[in-house]
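Participant: The structure that follows is given in the form of structure tokens.
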Ligand SMILES: [Zn+2]
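Numbering (my numbering), first residue to last: 93 to 604.
So this is what it looks like as structure tokens:
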């Protein structure tokens with residue numbers, strides 16, 4: 093069986109998760125489900141990054157033991173992912189003993205090779221970003237990533253010699269146009285490589301910051317949080333533990349990340365893997381950010397923060413997932429506006445898809461004893477409908493492999509609207525009066541479209557898909573091929589799955 097391995101970043105536990113965490117994790121989950129739908133053995137891992145100064149300081153501020161502080165935040169993450177219907181195969185924690193042992197083995201290996209060495213260090217450190225910057229990187233003395241103030245740190249430290257692998261990596265990139273998605277990000281990475289890579293400081297003095305994995309060759313230091321965290325991607329799939337699993341899954345890996353951690357994933361991580369002698373992942377997918385109304389960055393002070401918990405509570409996980417996967421052009425920034433959210437729900441789910449679900453099943457239950465009629469006759473509209481359907485359908489799987497998720501969803505909606513139009517053209521509610529066989533054929537085709545579009549939407553709206561399956565008495569023919577619906581099998585009437593959201597203030601009685 094073909095394999096696929098998908099990862100989210102592991103998230104810092106220095107606060108509660110927000111829309112960004114929900115989005116990356118839903119994105120990864122949806123791709124895992126698409127791959128499974130297309131016959132792959134697909135595995136997804138997500139988790140948390142528990143080490144580092146930010147976490148250490150956040151715990152200290154709360155006067156809590158650092159590990160206890162981390163433990164206390166885990167349910168916020170697992171709880172949100174559960175609400176988002178995420179089906180991960182592993183929740184990775186960097187404080188797990190097996191991970192710590194592997195990180196130390198990796199550090200020792202690179203130290204023995206001479207890729208890690210000790211040197212003097214002076215740099216401007218941004219604590220929230222856990223990153224060192226040189227004087228010229230800074231913007232008016234402030235962090236170029238987040239704009240906060242930095243601290244000048246001078247000390248002896250251990251360094252990873254990234255530059256040693258820069259040439260090999262640049263050559264790899266020049267041969268592999270599909271390594272970084274979207275493609276325009278590759279130029280950004282090549283730009284960083286062209287400027288030249290400095291050795292990466294990978295240690296922190298324990299007396300200043302003890303919350304990390306101890307360097308196996310110097311007990312006075314712990315390792316830099318990124319050096320520890322990035323290895324979760326290989327450690328979670330059997331590295332140094334189950335070599336067969338590792339060898340079969342790791343080369344298929346897609347590391348999904350937000351654009352703010354490009355440097356760590358497209359520079360540090362590939363050079364680390366090369367130093368270890370491991371293959372690189374198949375791809376790194378970099379998504380944009382969700383902006384608030386008007387394209388402004390979400391912030392508490394602007395009052396435009398979208399709380400995934402609240403939306404799911406009010407409108408359900410499926411509508412939330414549908415919106416975030418449908419409305420963002422993957423790789424670019426998107427705008428989360430409630431107006432667009434209501435429109436997607438009301439027009440596409442409630443109206444277009446809801447109508448399709450109801451019509452065919454209701455007529456079959458009412459007029460054909462609830463048994464799927466056989467398609468024995470044709471109307472003038474049937475061949476054109478089936479041809480168009482099959483045509484659009486055949487393009488959807490390739491779009492998913494190309495990460496054109498919103499185009500794939502466009503096409504799925506096209507199939508749904510095309511089927512609604514076909515029903516209107518054929519008017520089976522008229523045919524039933526004078527040509528029962530012809531009516532049955534039209535209903536067969538329409539219900540077949542329900543089955544296939546339901547399957548295609550299942551990675552996006554998994555919870556509602558369970559209810560769609562009820563139409564098919566709980567078991568649905570799994571083939572993504574038109575005509576596989578078995579005539580004669582019994583079905584149920586669809587119940588309304590996507591009630592319209594009332595947005596007219598006069599009717600809801602609310603002031604906004
Ligand atoms: Zn910063």
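Think of the CB as a built atom: it goes at the ideal place given N, C-alpha and C, for glycine as much as any other residue.
Check each residue's C-beta against every heavy atom of ligand 1 and list, in chain order, those closer than 6 Å.
Facilitator: Taking each Cβ in turn, the ones that pass are 218, 220, 221, 235, 237, 238 and 240.
Participant: As a quick exercise: from 516, 314 and 178, pick the residue whose alpha carbon is nearest that of residue 302.
Facilitator: 314
Participant: What's the call for residue 96, buried or exposed, on a 16-neighbour Cβ count within 10 Å?
Facilitator: It is buried - the Cβ of residue 96 has at least 16 other Cβ atoms within 10 Å.
Participant: How is residue 601 classed by DSSP in three states: helix, strand or coil?
Facilitator: Interpretation of residue 601 is limited by its pLDDT of 46, a score under 50 that renders its predicted location unreliable; no figure is taken from the coordinates.
Participant: Apart from the five residues on each side of it in sequence, which residues of its chain come closer than 7 Å, Cβ to Cβ, to residue 414?
Facilitator: 436, 441, 552 and 553
Participant: Where does residue 185 sit, in a helix, a strand or coil, going by DSSP?
Facilitator: strand
Participant: Please work out which residues of its chain come closer than 8 Å, Cβ to Cβ, to residue 602, disregarding the five sequence neighbours upstream and downstream, and give them in chain order.
Facilitator: Residue placement at residue 602 cannot be trusted, given a pLDDT of 46 that sits under 50; what the coordinates show is reported in the next sentence. Result list for residue 602: empty, nothing under 8 Å.
Participant: Who does residue 295 pair with in a DSSP beta bridge?
Facilitator: Residue 295 has 315 as its beta-bridge partners, per DSSP.
Participant: To which residues of the same chain is residue 285 closer than 6 Å at the C-beta, ignoring the five residues directly before and after it?
Facilitator: 258 and 262.
Participant: Closest to residue 279 by C-alpha separation, out of 474, 136 and 354, would be which residue?
Facilitator: 354
Participant: Would you kindly report the start and end of the unbroken beta strand (DSSP E) that includes residue 477?
Facilitator: In this chain, residue 477 is not harboured by any beta strand (DSSP E); it is covered by the alpha helix (DSSP H) spanning 474-493.
Participant: Report the three-state DSSP secondary structure of residue 217 (helix, strand or coil).
Facilitator: strand
Participant: Is residue 581 helix, strand or coil by DSSP?
Facilitator: coil
Participant: Do residue 333 and residue 190 have their C-beta atoms within less than 9 Å of each other?
Facilitator: Result yes, Cβ atoms of residue 333 and residue 190 sit closer than 9 Å.
Participant: Is the stretch 464-480 close to the stretch 514-524, with three or more CB pairs under 8 Å?
Facilitator: yes
Participant: So, with DSSP's three-state summary, where would you put residue 461?
Facilitator: coil
Participant: Tell me which residue opens and which closes the beta strand (DSSP E) that residue 98 is part of.
Facilitator: 95-104
Participant: Cβ of residue 517 versus every heavy atom of ligand 2: is any distance shorter than 8 Å?
Facilitator: Among the ligands in the structure shown, ligand 2 does not appear; only ligand 1 can be found there.
Participant: Report all residues from its chain with a CB closer than 8 Å to the CB of residue 591; omit the five preceding and five following residues, and keep chain order.
Facilitator: Closer than 8 Å at the Cβ level, and outside the excluded window around residue 591, lie 442.
Participant: Got a sec, what are the start and stop residues for the beta strand (DSSP E) residue 397 sits in?
Facilitator: Here residue 397 belongs to no beta strand (DSSP E), and DSSP marks it neither H nor E.
Participant: Given that a residue counts as buried once 16 or more other Cβ atoms are within 10 Å of its Cβ, and exposed if not, what is residue 540?
Facilitator: buried
Participant: Quick one: is residue 93 buried, meaning 16 or more other Cβ sit within 10 Å of its Cβ, or exposed?
Facilitator: exposed
Participant: Can you pull the DSSP bridge partners for residue 379?
Facilitator: Its beta-bridge partners are 350.
Participant: So who's on the other strand from residue 307, going by DSSP bridges?
Facilitator: 310
Participant: Exposed or buried, which one is residue 107 when buried takes at least 16 other CB atoms within 10 Å?
Facilitator: exposed
Participant: To the nearest whole angstrom, what separates the beta carbons of residue 134 and residue 146, a pair I think is in contact under 8 Å?
Facilitator: Not quite, the Cβ-Cβ distance comes to about 32 Å (not below 8 Å), so this is no contact.
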